[in-house]
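K.L.:
Can you keep this structure in mind? I'll have questions shortly.
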Amino acid sequence: MKLVSYWHDTAPVFSGAAQGPVEGHFDAAIIGGGFTGLAAARQLTKAGAKVVVLEAERVGWGASGRNGGHLNNGLAHSYLSAKAELGKERAITLYRALDSSVDTIEALVAEEGIDCNFRRAGKLKLASKPQHFEAIARNFEAIHAEVDPDTALLSAADLKSEVGSPFHGAMLSKKSAMMHMGRYVAGLATAAARHGAVIHENTRVTDHKQAGNRHELTTSRGRISADNVLVATGAYTTPNFGYFRRRLISVGSFIIATRPLSDAEITATMPGNRTCVTSMNIGNYFRLSPDKRLIFGGRARFSATSDQRSDARSGQILRASLAAIFPQLARVEIDYCWGGLVDMTKDRFPRAGYHDGVWYAMGYSGHGAQLSTHLGMIMADAMLGREDLNPVKGLEWPSIPGYSGKPWFLPMVGLYYKALDRIQ
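Each residue of the sequence shown is one higher than the one before, starting from 1 at the first, in the UniProt record's numbering.
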């Protein structure tokens with residue numbers, strides 16, 4: 001079993017990183033070489049801006065290369081709870097931004113010729129308990145009537161041709177998609193570099209100072225200056241940007257990938273070949289990979305991934321969860337196991353905008369694979385002075401009292417949600 005991300009291990013290595021010194025002045029400096037930062041860089045350079053991307057590791061090293069491979073439209077919340085918290089207009093705007101996010105990726109993949117196995121698969125929100133299906137049905141009725149008619153409610157009987165496990169029904173979101181995340185991020189970085197972005201890998205930002213409209217960034221490999229800065233580091237944001245650290249909770253998410261399954265195993269397990277998410281608070285998500293592996297993830301432990309041994313322990317928990325849902329795969333070989341961090345906000349709504357001279361987009365709360373490309377391009381347009389289509393513009397983002405960026409309380413949160421799953 002390899003303790004590395006399947007997406008990293010099975011994608012071409014990006015070869016377009018700048019080899020020269022980290023120096024010079026730029027129209028925009030982007031901190032973070034994931035989907036958000038690379039999409040923003042591509043958008044800015046296409047408009048003629050001089051752009052540098054500063055990535056502490058390699059492109060796609062963080063959440064962009066460590067997720068479950070889903071491009072699901074819809075919200076992290078139920079639509080009904082989002083309406084109650086945000087109001088109907090904002091909830092619809094945000095829901096439609098997730099729809100547009102999948103459209104944006106589909107168009108970008110086609111325009112840049114990125115070979116990443118993009119496919120409109122549809123997503124199933126699976127009811128793990130009978131009462132969960134009742135809640136899913138209520139949410140479906142509102143979504144289908146008010147914001148997304150490309151949805152359907154499936155009974156337990158309907159699911160027999162979709163998933164080889166006894167769930168109690170599901171909501172199908174037909175616009176949702178999937179792709180190979182490693183191939184996409186390599187293709188996106190290549191496109192940004194081709195359009196003129198200077199991308200520095202292994203370049204950690206260690207200091208940021210601002211004097212008027214000019215930013216000075218010190219990195220592990222040199223200094224640059226820029227007229228604008230976009231922070232696109234999500235759960236991997238460093239203490240240099242304490243404003244964001246006090247508002248983001250980095251939560252570990254863990255994933256395993258089986259050996260390639262036979263056609264008979266796929267028929268018995270995932271005949272519908274969609275993205276799937278269960279309805280438990282500490283639930284699981286899964287899909288088939290392009291080479292027929294089952295990619296199976298979840299919050300195996302409420303802690304940050306710290307090392308490969310930690311990831312391996314989480315992998316054992318996930319293997320037990322996989323066997324509980326798909327006993328027919330209880331003894332299947334696991335080829336990959338890895339972990340990563342999810343940038344959660346307290347209310348699980350994303351944030352993007354401009355604060356104290358710095359642009360930002362982050363807090364995707366588990367929906368970043370689809371939203372990050374779209375929001376990165378939106379923030380680039382805002383930096384260029386174009387129409388501001390930011391779906392969360394003006395959404396208040398208070399800091400978390402007593403919190404400075406180290407989520408010491410996560411084990412207690414995990415115990416709370418485990419208790420909820422037992423009684424709800």
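Beta carbons: idealized from backbone N, C-alpha and C, even for Gly.
Around the Cβ of Arg138, are there at least 16 other Cβ atoms within 10 angstroms (buried) or fewer (exposed)?
P.N.:
If you number the sequence shown from 1, residue 138 lands on position 138. It is exposed - the Cβ of Arg138 has fewer than 16 other Cβ atoms within 10 Å.
K.L.:
Among Gly283, Gly339, Ile143, which residue has its Cα nearest to the Cα of Ser250?
P.N.:
In the sequence shown, the residue the question calls residue 250 occupies position 250. Cα-wise, what sits closest to Ser250 is Gly339.
K.L.:
Tell me the start and end of each unbroken alpha helix (DSSP H) in the stretch 158 to 191 that is at least 4 residues and wholly inside, in chain order.
P.N.:
List check, alpha helix (DSSP H) in window: nothing returned.
K.L.:
Just list the alpha helix (DSSP H) runs in the stretch 6 to 68, keeping only unbroken ones of 4 residues or longer that don't cross its boundaries, in chain order.
P.N.:
As far as the stretch 6 to 68 is concerned, its whole alpha helix (DSSP H) runs of at least 4 residues are 6 to 9, 35 to 46.
K.L.:
Identify, in the order they occur along the chain, each residue of the same chain with its Cβ nearer than 6 Å to the Cβ of Glu216, setting aside the five sequence neighbours on each side.
P.N.:
Here residue 216 refers to the residue found at position 216 of the sequence shown. Contacts found: Lys209, Ser225.
K.L.:
Taking Cβ to Cβ, would you say Ala135 is nearer than 8 Å to Arg348?
P.N.:
As a working mapping, residue 135 is identified with position 135 in the sequence shown. As a working mapping, residue 348 is identified with position 348 in the sequence shown. No, Cβ-Cβ distance for Ala135 and Arg348 is not below 8 Å.
K.L.:
What is the DSSP secondary structure of Ile249, reduced to helix, strand or coil?
P.N.:
As a position in the sequence shown, residue 249 is number 249, starting the count at 1. Looking at Ile249 - three-state DSSP - the assignment turns out to be strand.
K.L.:
Who are the Cβ neighbours of Gly234 in its own chain at under 6 Å, not counting the five residues just before and after it?
P.N.:
The residue given as residue 234 occupies position 234 in the sequence shown. Contacts found: Ala63, Asp343, Met362.
K.L.:
Along the chain, where does the alpha helix (DSSP H) containing Gly376 start, and where does it finish?
P.N.:
The residue you call residue 376 lines up with position 376 of the sequence shown. Segment 368 to 383, the alpha helix (DSSP H) holding Gly376.
K.L.:
Residues in its own chain within less than 7 Å of Pro149 by CB, not counting five upstream and five downstream?
P.N.:
As a position in the sequence shown, residue 149 is number 149, starting the count at 1. If we look at Pro149 and ignore the five residues flanking it on each side, it has no Cβ neighbours.
K.L.:
Which one of Arg96, Gly24, Ala186, Arg259 has the shortest CA to CA distance from residue 431?
P.N.:
Residue 431 falls outside the range modelled here, since the chain spans only 1 to 424, and no answer is possible.
K.L.:
Decide if the stretch 2 to 9 is in contact with the stretch 150 to 159; the criterion is three or more beta carbon pairs, one per stretch, under 8 Å apart.
P.N.:
Contact between the stretch 2 to 9 and the stretch 150 to 159 is absent, because fewer than three Cβ pairs lie under 8 Å.
K.L.:
Tell me where the alpha helix (DSSP H) around Lys83 begins and ends.
P.N.:
Translated into the one-based positions of the sequence shown, residue 83 becomes position 83. Taken as a continuous stretch (DSSP letters only), the alpha helix (DSSP H) holding Lys83 covers 79 to 86.
K.L.:
Do the CB positions of Phe26 and Val51 come within less than 8 Å of each other?
P.N.:
Looking up residue 26 in the sequence shown gives position 26. Looking up residue 51 in the sequence shown gives position 51. The answer is yes: Cβ separation under 8 Å.
K.L.:
Can at least three beta-carbon pairs, one atom from the stretch 86 to 104 and one from the stretch 363 to 378, be found at a separation below 8 Å?
P.N.:
Cβ pair count under 8 Å is three or more, so yes.
K.L.:
Counting only the same chain and skipping the five closest in sequence on each side, list residues whose C-beta sits under 7 Å from that of Tyr416.
P.N.:
Position 416 of the sequence shown holds residue 416. Only weak support is given to the placement of Tyr416: the predicted model assigns it a pLDDT of 45, under 50, and the value that follows is read from those uncertain coordinates. If we look at Tyr416 and ignore the five residues flanking it on each side, it has no Cβ neighbours.
K.L.:
For Cys276, which of Ala40, Ala17, Lys125 has the nearest alpha-carbon?
P.N.:
The residue labelled residue 276 in the question sits at position 276 within the sequence shown. Closest by alpha carbon: Lys125.
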